[in-house]
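Numbering (our numbering), first residue to last: 370 to 917. Note that CB positions come from ideal geometry on N, CA and C, so glycine has one too. These numbers come from a predicted model, not from an experiment. Below is one structure; the comments refer to it alone.
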């Protein structure tokens with residue numbers, strides 16, 4: 370803006386024109402459109418010159434080349450137009466979110482808004498224990514913050530969710546300082562929605578869900594406790610938030626890639642893909658591209674917490690930000706479980722307990738196959754076999770999980786194990802405690818379990834644990850060396866059966882020695898240790914006075 374006089378003068382603050390976000394965006398769009406039109410005119414002029422120079426003697430080859438160039442420029446124009454549209458939308462959303470935050474601060478609301486992203490906060494699994502212990506830790510340390518939880522549990526009220534959390538995890542929370550933001554598009558992150566390219570589909574779906582969350586509430590600090598890394602750029606660049614995350618397991622890992630390369634069929638690698646070399650090659654390329662993008666979005670986080678050595682190794686490999694990566698073991702209620710008195714000695718049955726959500730990766734069918742193999746090993750000791758009972762305890766998140774339980778019940782009948790296997794779904798905390806007290810052996814079958822909260826819980830309760838020889842149980846939890854043994858590790862169904870048979874035939878004194886060593890080893894996984902580690906990692910971004 371220039372004055373009418375020959376000498377320039379600076380206008381007063383009251384006379385300056387205020388550019389509002391929409392006006393700024395329109396001005397930028399007009400400039401870009403003019404630039405694109407200018408480039409198109411240059412292209413047209415070049416084509417005109419070629420036609421004039423060659424005239425009617427242009428060969429067919431030259432004509433085709435000109436058509437190809439025209440097509441390329443048209444595609445470039447369309448691509449540029451789409452890019453301009455995306456940039457415009459991004460700019461408008463960013464300005465809208467910033468405007469909402471400024472309005473809140475102008476209303477003298479200077480509290481820090483901390484939002485935790487956990488679409489399945491009412492599920493009742495180990496991941497939910499992390500969420501609620503994190504909430505309690507934040508409440509105990511910080512007074513000037515407001516806590517919000519993004520959830521997709523539309524059917525549950527605030528009271529129902531908090532009551533279930535306190536009942537399931539034996540926690541005491543300040544309910545007044547917890548608010549819920551309900552998200553209607555949670556189905557966008559459900560695996561069943563994407564039968565093919567599931568990782569990509571769920572990741573894009575999480576971005577859609579993140580946009581819904583951000584438009585409903587604009588926090589100062591965003592903490593993801595479920596591992597949806599593709600939400601970080603949304604909250605970082607559009608929302609202007611500080612980003613913290615607790616990663617239970619990487620969305621993709623080198624182990625997954627190796628399984629595809631080795632043509633191994635698994636829950637995340639269909640047999641039709643494993644048997645087809647071309648499909649395998651396509652999937653390998655897809656995984657490699659996805660892992661690069663996953664690393665880019667993961668680096669948007671300001672502080673990263675991982676739950677085990679196994680997860681830490683993969684995240685360091687993929688995200689490559691060791692200076693802001695912290696290993697924080699998940700909370701396990703070991704103090705209460707260590708005090709439990711076993712009732713197994715007076716129990717008629719020898720109970721083998723499995724605790725975990727009914728998800729495909731938990732590999733419950735392997736546990737049933739292990740029981741089938743165990744029956745073969747105990748073929749000459751029918752009396753002992755008749756005393757054995759596998760008790761599978763877990764929670765169901767949705768109809769797909771409930772259907773999975775029904776399929777496993779049918780599988781147990783197929784193996785003639787219906788009289789030796791019991792399923793308990795969505796039990797209360799008190800019922801779970803009773804299960805711990807009557808059980809003698811714990812069973813966990815998930816391959817590459819990122820940590821294994823249920824493994825620690827079983828050990829704290831005095832059960833002798835048999836877990837998969839991989840991931841967290843192998844690297845962080847179970848010691849198998851003679852003299853310091855805290856449990857057993859197995860690879861396949863026969864291996865599991867052999868380990869269980871070994872425990873059954875061990876002397877009581879030897880088994881008690883393993884139980885005592887296991888109970889002594891779990892203090893490093895207590896809730897207090899988790900809260901201390903969580904606050905150490907998250908405090909730097911919460912203590913900052915200025916936000917993006």
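Which of helix, strand or coil DSSP assigns to residue i
i: residue 744; result: helix
i: residue 468; result: helix
i: residue 336; result: Since the first residue shown for the chain is 370 and the last is 917, residue 336 is missing from the structure and cannot be characterised.
i: residue 908; result: helix
i: residue 481; result: strand
i: residue 581; result: helix
i: residue 778; result: helix
i: residue 671; result: coil
i: residue 426; result: A caution first: residue 426 carries a pLDDT of 47, below 50, which makes its placement in the model too unreliable to give a value.
i: residue 563; result: coil
i: residue 513; result: coil
i: residue 812; result: strand
i: residue 523; result: coil
i: residue 441; result: helix
i: residue 703; result: helix
i: residue 895; result: strand
i: residue 616; result: strand
i: residue 593; result: strand
i: residue 796; result: coil
i: residue 538; result: helix
i: residue 486; result: strand
i: residue 710; result: coil
i: residue 831; result: coil
Proximity below 8 Å, CB of residue i to CB of residue j
i: residue 889; j: residue 747; result: no
i: residue 503; j: residue 616; result: no
i: residue 672; j: residue 906; result: yes
i: residue 521; j: residue 555; result: yes
i: residue 722; j: residue 812; result: yes
i: residue 820; j: residue 697; result: no
i: residue 727; j: residue 774; result: yes
i: residue 886; j: residue 855; result: yes
i: residue 607; j: residue 459; result: yes
i: residue 688; j: residue 664; result: yes
i: residue 492; j: residue 714; result: no
i: residue 910; j: residue 810; result: no
i: residue 789; j: residue 753; result: no
i: residue 1003; j: residue 695; result: Nothing can be reported for residue 1003: it is not among the residues displayed for the chain, which extend from 370 to 917.
i: residue 734; j: residue 674; result: no
Through-space distance from residue j to residue i, alpha-carbon basis
i: residue 949; j: residue 803; result: Here the chain covers residues 370 to 917 and nothing more, so residue 949 does not appear.
i: residue 596; j: residue 558; result: 12 Å
i: residue 567; j: residue 552; result: 21 Å
i: residue 741; j: residue 519; result: 43 Å
i: residue 509; j: residue 536; result: 20 Å
i: residue 798; j: residue 497; result: 14 Å
i: residue 816; j: residue 824; result: 13 Å
i: residue 598; j: residue 879; result: 45 Å
i: residue 495; j: residue 454; result: 42 Å
i: residue 584; j: residue 602; result: 15 Å
i: residue 468; j: residue 609; result: 11 Å
i: residue 710; j: residue 876; result: 20 Å
i: residue 842; j: residue 864; result: 16 Å
i: residue 913; j: residue 792; result: 49 Å
i: residue 441; j: residue 621; result: 36 Å
i: residue 613; j: residue 479; result: 21 Å
i: residue 426; j: residue 438; result: Residue placement at residue 426 is poorly supported in this model, since its pLDDT is 47, which falls under 50; the coordinates are not used for a value here.
i: residue 756; j: residue 720; result: 8 Å
i: residue 490; j: residue 403; result: 49 Å
i: residue 451; j: residue 445; result: 10 Å
i: residue 466; j: residue 543; result: 29 Å
Cross-strand partners of residue i (DSSP beta bridge)
i: residue 804; result: According to DSSP, which records beta bridges pairwise, residue 804 is partnered with nothing at all.
i: residue 723; result: 761
i: residue 695; result: 674
i: residue 858; result: 836
i: residue 548; result: 517
i: residue 790; result: 759
i: residue 611; result: 590
Any C-beta of chain C under 8 Å from that of residue i
i: residue 519; result: Among the chains of the structure shown, chain C does not appear; only one protein chain is present.
Proximity test, residue i beta-carbon vs the ligand NAD heavy atom, cut-off 7 Å
i: residue 563; result: This structure simply doesn't include the ligand NAD, nor any ligand for that matter.
Tell me, please, whether the region 618 to 631 touches the region 650 to 669 by the rule of three or more beta-carbon pairs shorter than 8 Å.
yes
Report yes or no: do three or more beta-carbon pairs, one from the region 482 to 493 and one from the region 501 to 517, lie closer than 8 Å?
yes
Below 8 Å, can you find three or more Cβ-Cβ pairs linking the region 844 to 859 to the region 764 to 780?
no
Tell me, please, whether the region 804 to 814 touches the region 772 to 783 by the rule of three or more beta-carbon pairs shorter than 8 Å.
no
Please confirm if the region 691 to 704 is in contact with the region 723 to 743, defined as three or more CB-CB distances below 8 Å between the two stretches.
no
Quick test of the definition: if touching needs 3 or more C-beta pairs under 8 Å, does the region 825 to 836 touch the region 571 to 581?
no
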